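Going by our numbering, 267 is the number at position 218 of the sequence shown; the sequence numbering is gapless. All residues carry an ideal CB built from backbone N, CA and C; glycine is no exception. Here the structure is a predicted model, which is why all the values come from computation and not from measurement.
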Amino acid sequence: MAKWGGFLIFMLLAATFAWWGTGAIPPQYNPWAPLTLDAPPTLVTRYKLRGLESQPQRCFALLETARARGMIGWRHQPDGGGECPLHDRVRVANFGAIALSGPFLASCPLALRSVMFWHQRGAKLAGQLQGSALTRIDHIGSYACRNIYHRSEGRRSEHASADALDVRGFRFADGQRINILKDWPEDGQRGVLLRELFYQGCPYFGNSLGPEFNAAHADHFHLGVNGFGLCR
């Protein structure tokens, strides 16, 4: 908690000095400005994203705006009980023009972080590096009622609350397919694209785990909500 308090004090001081110097603080550096879908992932933006985890109404308002702008297709998911109860979850069908291998269940913060990344950086970056538009994201799911690494004991995985999506590959308008397990080790264009997508996405998520983290993530990117930009 002390770390976050120190960070907030630093941001407030930085914003104050910026205001004194220019008379205006850019929204992405202004801790008091409302979060917007187009806000670059500065430290202040990331702090605001983290705050939405305890502000579901604000999160859903942004997600509704994203849907109205054609950035994402989603619908509310009925609450569920059991060992891993779910509340205020959504089912994501697409990221606008970017299709998915199948709908996935998500917390509002996961859906919002994802749509911000794919529309701010991900789709454009993939298209530039591949020379063809990104048309589909292949994934292996988001929700599974289990502990981390399927252990019989220990803490719950982010997947137990639909707070993380595992992405395994991408498809493009010209028919090309890129697979993380097969193409991540390559030094050529495909490997470069995957590494750029992974590292450029890190500021948008609480934690991003990829093939270099451990063998369990050799075939996918784990993009989760918890944390503050862990990138491994």
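| V164, enclosing alpha helix (DSSP H) - first and last residue | 157-166
| field | Other residues of its chain near E102: CB distance less than 6 Å, five sequence neighbours each side excluded | value | P158
| message | In whole angstroms, give me the CA-to-CA distance for V93 and Y78. | response | 6 Å
| task | Quick one: measure Cβ to Cβ for G122 and A142, integer angstroms, because I've assumed they're closer than 8 Å. | result | 4 Å
| field | For G129, the nearest candidate out of P75, A209, S163, P105 (CA to CA) | value | A209
| said: Using C-beta distances below 8 Å, list every residue in its chain close to E261, excluding the 5 sequence neighbours before and after it, in chain order. | reply: R281
| query | What are the partner residues of L135, as DSSP defines its beta bridges? | reply | G129
| request: Compute the beta-carbon to beta-carbon distance between A88 and P105, rounded to the nearest angstrom, for a pair I have assumed lies under 8 Å. | output: Their Cβ separation, rounded to whole angstroms, is 19 Å, which puts A88 and P105 out of contact at 8 Å.
| query | Would you call the CB atoms of A146 and Y198 closer than 8 Å? | reply | no
| Unbroken beta strand (DSSP E) run spanning V216, endpoints | 213-221
| task | Determine the burial state of D137: buried for a count of at least 16 other Cβ atoms within 10 Å of its Cβ, exposed for fewer. | result | exposed
| query | Opposite G273 in the DSSP bridges: which residues? | reply | A213, N256
| task | Tell whether a beta-carbon distance below 8 Å holds between D19 and N275. | result | Absent from the model: residue 19. The displayed extent of the chain is 50 to 281, so no value can be given.
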